[in-house]
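Following: one structure in structure tokens, then a few remarks.
Numbering (my numbering), first residue to last: 1 to 64.
What follows is the structure, encoded as structure tokens:
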């Protein structure tokens, strides 16, 4: 999936579709420094709709 990921209105990660099979490769990124502890946080995804792009399976948010 090509797209941008935001925490509290700030872009924290951008993923570009480079190889033909990138759409099926899992990925992760760090957001710890962007979180507002003790407050509400907003997580947003802007998916690129070019070609067959988009979200086609479940999304999981987890922390370690």
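Don't be surprised by glycine CBs; every beta carbon is placed ideally from N, CA and C.
Residue span of the beta strand (DSSP E) that contains residue i, given as start and end
i	result
residue 11	10-15
residue 127	One cannot answer for residue 127 here, as it falls past the ends of the chain, which runs 1 to 64.
residue 4	3-7
residue 43	43-47
Distance between beta carbons of residue j and residue i, contact taken as under 8 Å
i	j	result
residue 29	residue 12	7 Å
residue 124	residue 2	Given that the chain is displayed from residue 1 to residue 64, the structure contains no residue 124 and the question cannot be resolved.
Proximity of residue i and residue j at Cβ, strictly below 9 Å
i	j	result
residue 4	residue 19	no
residue 43	residue 7	yes
residue 39	residue 10	no
residue 45	residue 31	no
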